[in-house]
Amino acid sequence: MGRKRIIERDAILDAAERVVVRDGAANLTLDAVAKEAGISKAAVLYDTKTKQAVVEAVIERAFDRDANLHANAEAKIEGENVAIRGRIAVASEPPPQTFRPAALNLSAALMLDERLRAQMQKHQAMTVARIVETSSSPRGALLAYLALEGLKFLEYLDFHHFTPGERSRVIEEIAWLLDARPDLAARSDATISGTQGGKS
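Count along the sequence shown from 1, add 32, and you get the number used in our numbering.
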């Protein structure tokens, strides 16, 4: 029975995602989800009591899938920097075209809802902490993560898309940041500036 409930809940959330892609998160209704899933509204209400609960469940599932995707990528990596290298490996393939409308609409929902933003903030805080804790050069890894997130932002929100060749080059250059040590570079620059100032 438990397994059946999980399957039914996934079917409901799948239907909700399709409604979000088609109509936008703001126009999501329990009636629309029920119709898309081919079930009664009562069945939707049994699992998700309100429209807000549906949106929250869709986003929470997206976070879980993201975590599982990167955990699987990390499991294939040996050595240092597993967290950020796993994220670079996942980002080496552009997001599916079919996912972009959902990402755009769910991002709008996140911006408008404080509770949903809190979920994103928690997810990001955990991600950043893991990247820093597992990296030989935490500052370089953090820069690489920020670059990856910037790339994802451009692509998911359909703002800009690189050619395949240029995108591959960008990913390689982001990986180059892993060994960067901006803290040491800053101290070196300060030392050089101080030396030059003393000579004058």
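Positions of the beta carbon are idealized from the N, C-alpha and C atoms, including for glycine.
Is the CB-CB distance between residue i and residue j below 8 Å?
i, j, result
"Gly172", "Pro214", "yes"
"Leu148", "Ala141", "yes"
"Val122", "Leu101", "yes"
"Leu189", "Ser139", "yes"
"Val53", "Leu60", "no"
"Val116", "Ile163", "Per the sequence shown, the amino acid found at residue 116 is Ile instead of Val. Yes. Within cutoff."
"Ile120", "Ala207", "yes"
"Ala134", "Glu49", "yes"
"Leu209", "Ala176", "yes"
"Val40", "Asp79", "As written in the sequence, residue 40 is Glu, which differs from the Val given in the question. A contact, by the Cβ cut-off of 8 Å."
"Val114", "Thr166", "yes"
"Ala99", "Ser169", "no"
I believe residue i touches residue j by the beta-carbon criterion, under 8 Å. Please report the beta-carbon distance rounded to the nearest angstrom.
i, j, result
"Leu25", "Leu62", "There is simply no residue 25 to check, as the chain begins at 33 and stops at 232 in what is shown."
"Asn137", "Ala57", "5 Å"
"Gln151", "Glu198", "With a Cβ gap of about 33 Å, Gln151 and Glu198 do not count as contacting."
"Pro126", "Glu187", "6 Å"
"Phe95", "His155", "5 Å"
4 or more residues per run - each alpha helix (DSSP H) lying fully within the stretch 39–108: Whole alpha helix (DSSP H) segments, 4+ residues: 62–69, 73–79 and 83–107.
How about the stretch 103–110 and the stretch 66–85: do they share at least three Cβ pairs that are nearer than 8 Å?
no
Identify every run of the alpha helix (DSSP H) within the stretch 100–156, keeping only runs that are complete inside it and at least 4 residues long; order them along the chain.
114–123 and 132–144
Check whether the stretch 178–185 touches the stretch 80–95, taking contact to mean three or more Cβ pairs, one atom from each stretch, closer than 8 Å. no
What residue ranges within the stretch 180–215 form continuous alpha helix (DSSP H) runs of no fewer than 4 residues, ordered along the chain? 196–208
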